[in-house]
Each structure stands twice: as C-alpha cells, then as structure tokens.
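J.: Position one of the sequence shown corresponds to residue 221 (my numbering), numbered consecutively onward.
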Amino acid sequence: MEIRQLVTFIKVAQLQSFSKAAENLGYSQSAVTVQIRLLEEDLNTKLFDRIGKHITLTAQGQEFLTYAYSILNEINKAKLSLNDDTELNKPLHIGTIESLCFSKLPPILSYFRENYPKVAIRITTASPEELIEMMEHNQLDLIYILDEPKYNNNWNKVMEVRENIVFVASSTSEPADIHRLTLGKLLEYPFFLTEKNANYRHALDHYLASRKMIMSPFLEISNTEFIIKMLSESNGISFLPYFTVRKSVEEGKLTLLEVDSFHVSMYRQIFYHKDKWMTREMAEFIRLAEEIR
Numbered sequence: 221m222e223i224r225q226l227v228t229f230i231k232v233a234q235l236q237s238f239s240k241a242a243e244n245l246g247y248s249q250s251a252v253t254v255q256i257r258l259l260e261e262d263l264n265t266k267l268f269d270r271i272g273k274h275i276t277l278t279a280q281g282q283e284f285l286t287y288a289y290s291i292l293n294e295i296n297k298a299k300l301s302l303n304d305d306t307e308l309n310k311p312l313h314i315g316t317i318e319s320l321c322f323s324k325l326p327p328i329l330s331y332f333r334e335n336y337p338k339v340a341i342r343i344t345t346a347s348p349e350e351l352i353e354m355m356e357h358n359q360l361d362l363i364y365i366l367d368e369p370k371y372n373n374n375w376n377k378v379m380e381v382r383e384n385i386v387f388v389a390s391s392t393s394e395p396a397d398i399h400r401l402t403l404g405k406l407l408e409y410p411f412f413l414t415e416k417n418a419n420y421r422h423a424l425d426h427y428l429a430s431r432k433m434i435m436s437p438f439l440e441i442s443n444t445e446f447i448i449k450m451l452s453e454s455n456g457i458s459f460l461p462y463f464t465v466r467k468s469v470e471e472g473k474l475t476l477l478e479v480d481s482f483h484v485s486m487y488r489q490i491f492y493h494k495d496k497w498m499t500r501e502m503a504e505f506i507r508l509a510e511e512i513r
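Pasting the structure below:
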C-alpha cells in the first residue's frame, strides 16, 4: 500500500468520479484506475461500486475511508512536527459570508500578508448553507459563518462568539430622534436590507410573518458596506450585525434604534471538517480570528 494510493482513493471518494480525481491530481484516468485496483487487491476487498458512470463507496470502502483519513493525518503530523520552524507557505481557502468578509477578515489578511507572504489565501463568499455544503465536499479549508449555533458529528467547531443583530439608522435621520420604536412604526420607513439568504434577515422576516406583518424593502443587496453608505444619506433603516456598524456608531454617524420586544442574536462560528487535517496555516487563521473579537 502506497501513500499516493490513499490520496487517490480519498479524492475519488470525495469527487465520486475517476476522471475528476485524475484531473484534480494531475494523473491520467488509467493511472487512477490502476492505483485503485492495486489498493483493492492489497486490501482484498472492493472499495467502489461502479454502475454505469456512477461511482459510489461500498460499505467496506466507507469504512476504509475513515482509516485512510486517519493514516494521512498521522503522516502529516509527523511531517509537520519536523518542520515547525519553517515559514508558513501552504495555500488557505476560507469560506465566509459578506458581512464577515468586510468586517472581520481585513486585519487577518493584512497580518498574513505582512508575516506570511508565501501563503496564498483564497476567499469564497456564499450563504452558510452553501458554505457548509462546500466544506462537506472538501472544497474549503475552513468556514467562518454567522448563524444560530450549529453542530454536526462531521465538523470540528473551533470558535463560537455571540453577536447582536440591531436596527440602525443615520444619526441625523427622523427615526434616530424617536426614543423607542414599535415594529409598526419602524415599517413606515424605507428599509435597506441584505438579501434573504442572510440568516439574520431570515429571522426578521420570520418574526414579522408570525405577527402577520409585511415588509417591502426599498433595497436588497449583499454588500453591507453599501447599505451603511445608503443609510448615511437617507431616512432609511437597516437590520445588521452590530460588528458591521460598530465603527460608524462609535463615530456618531449611525444610531442604534430601540425597538419594543424584539431581540435577535446570532453566533460567529468557525468550522472545519473532522476528516480535514488542520494545517499550520489554518491554525494561525483561527488564532487570529479569536483575537479579533
């Protein structure tokens, strides 16, 4: 049994395709087929069912996949233990949402650029559900999301921080002069909101629907920076994570609105798949994310 056979086996299992695995690994499809055949002969078992163009793990293949991940993780640990003093240089692919990307990632990326210039960082933004799906298929190293607390036996959660979601408006706007607003009064003003795939937006819509109230936003856009700019130039209102507007509030540009009987919190969370070997680059990103609260 060779290490490259284990790597090839895992890649075929992840992609459920010999041809895609070959393309990903830089092999010919025949080379992948031979490696899997030799591995099956060595283990004296069938690892994949091949029905037409569909490739699926057998029960034995599913069981061996756990061992394959474990073996490669131990090999990686051994390699890293001998190279702890080397400069970080492995690529890092982070999945996150728009609001976190604009508010929390810039100082982390700046630190990496200054201290680990050889680390190539790639950022993918999407909804939490899409990011989780990508993590499950090993398309991301880490995901950094804002959501209700999530748990799964397939994931390692390495950070969870509670965040308030707030109503906010320009400090010079009409709503800012009202000491305490009802939801009904709030809905009289134009709303600038994130798109519906943001979970805190979903929480607001659900709350309003439960009280048979309807809101028609003036503007929907995923870019929170643009929403904040629009707020500063209008009587509009938005519903955003506090960390996205804290600086503007502290500078006196925006004001938090008090709303009767309405409070929503979400949690910033970082996950990686339990079968994913945590690289030093991943560990450093997590350390920095925990420091930047």
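Quick reminder that beta carbons are idealized off the backbone N, C-alpha and C, glycines included.
#1: Find the nearest neighbour of residue 461 within the set 277, 386 and 259, judged by alpha-carbon distance.
#2: Could you have a look at residue 252 and say whether DSSP puts it in helix, strand or coil?
#3: Kindly indicate which residue of 399, 394 and 415 has the alpha-carbon position closest to the one of residue 408.
#4: To which residues of the same chain is residue 435 closer than 7 Å at the C-beta, ignoring the five residues directly before and after it?
#5: With distances taken Cα to Cα, identify the nearest neighbour of residue 285 among 402, 230, 384 and 396.
#6: Does the beta-carbon distance from residue 492 to residue 376 come in below 8 Å?
#7: Sort 266, 296 and 270 by Cα distance to residue 283 and report the nearest one.
#8: Return the CA-CA distance between residue 292 and residue 486, expressed in angstroms with no decimal places.
#9: Does the pairing of the segment 463-475 with the segment 337-351 give three or more beta-carbon distances under 8 Å?
#10: Apply the 10 Å Cβ neighbour rule to residue 281 and answer buried if 16 or more other Cβ atoms are within range, or exposed otherwise.
#11: Confirm, please, whether the CB-CB distance from residue 362 to residue 317 is below 8 Å.
#12: Cβ of residue 341 within 8 Å of Cβ of residue 312?
#13: If I'm right that residue 482 touches residue 403 with Cβ under 8 Å, what's the distance once you round it to whole angstroms?
#14: With distance defined between alpha-carbon atoms, name the residue in 382, 298, 430 and 241 nearest to residue 489.
#15: Please report the residue range of the beta strand (DSSP E) in which residue 434 lies.
#16: Using the Cα positions of residue 399 and residue 473, report the straight-line distance between them to the nearest angstrom.
#17: What does a CB cutoff of less than 7 Å around residue 239 pick up in its chain, not counting 5 residues either side in sequence?
#18: With residue 421 as the anchor, note down where its alpha helix (DSSP H) starts and where it stops.
#19: Can you tell me whether residue 430 is buried or exposed? The criterion is at least 16 other CB atoms within 10 Å of its CB, across all chains shown.
#20: Once you ignore the five residues that flank residue 320 on each side, which residues in its own chain have a CB closer than 8 Å to its CB?
T.: According to the data block:
#1: In the sequence shown, the residue the question calls residue 461 occupies position 241. Of 277, 386 and 259, the residue nearest in Cα terms is 386.
#2: Here residue 252 refers to the residue found at position 32 of the sequence shown. DSSP places residue 252 in helix when its eight states are reduced to three.
#3: The residue labelled residue 408 in the question sits at position 188 within the sequence shown. Selected option, being the one with the closest Cα: 394.
#4: Residue numbering aside, residue 435 sits at position 215 when the sequence shown is read from its first letter. So the list reads 407, 411 and 428, once near-sequence residues are dropped.
#5: Mapped onto the sequence shown, residue 285 falls at position 65. Closest option to residue 285, Cα to Cα, is 230.
#6: The count along the sequence shown starts at 1 and reaches residue 492 at position 272. The count along the sequence shown starts at 1 and reaches residue 376 at position 156. Yes, these two residues count as a Cβ contact at 8 Å.
#7: For the purposes of this step, residue 283 is identified with residue 63 of the sequence shown, where counting begins at 1. Here the closest residue by C-alpha is 266.
#8: Taking the sequence shown and counting its residues from 1, the one referred to as residue 292 is at position 72. Taking the sequence shown and counting its residues from 1, the one referred to as residue 486 is at position 266. Residue 292 and residue 486: Cα-Cα distance of roughly 36 Å.
#9: In short, these stretches do not touch, since the Cβ pair count stays below three.
#10: Translated into positions along the sequence shown, residue 281 becomes position 61. Classification for residue 281: buried.
#11: Counting from one through the sequence shown, the residue named residue 317 turns up at place 97. Counting from one through the sequence shown, the residue named residue 362 turns up at place 142. Between residue 317 and residue 362, the C-beta gap is not smaller than 8 Å, which leaves the two residues out of contact.
#12: Your numbering for residue 341 matches position 121 in the sequence shown. Your numbering for residue 312 matches position 92 in the sequence shown. Cβ atoms of residue 341 and residue 312: closer than 8 Å.
#13: By 1-based counting over the sequence shown, the position of residue 482 is 262. By 1-based counting over the sequence shown, the position of residue 403 is 183. Yes, residue 482 and residue 403 are in contact; Cβ-Cβ is about 6 Å, under 8 Å.
#14: The residue you call residue 489 lines up with position 269 of the sequence shown. Comparing Cα-Cα distances from residue 489 to each of 382, 298, 430 and 241, the minimum goes to 382.
#15: What you label residue 434 is simply residue 214 of the sequence shown in a count that begins at 1. Residue 434 -> no beta strand (DSSP E), and no H or E assigned at all.
#16: As a first step, residue 399 must be located in the sequence shown, where it is residue number 179. As a first step, residue 473 must be located in the sequence shown, where it is residue number 253. Going from the Cα of residue 399 to the Cα of residue 473 covers about 17 Å.
#17: If you number the sequence shown from 1, residue 239 lands on position 19. Excluding sequence neighbours, residue 239 sits near 249.
#18: The sequence position of residue 421 within the sequence shown is 201, counting from 1. Residues 419-430.
#19: Reading the sequence shown from its first residue, position 210 is the one you call residue 430. Answer is exposed; the Cβ neighbour count stays below 16.
#20: Here residue 320 refers to the residue found at position 100 when the sequence shown is read from its first residue. Here the set comprises 364, 365, 366 and 488.
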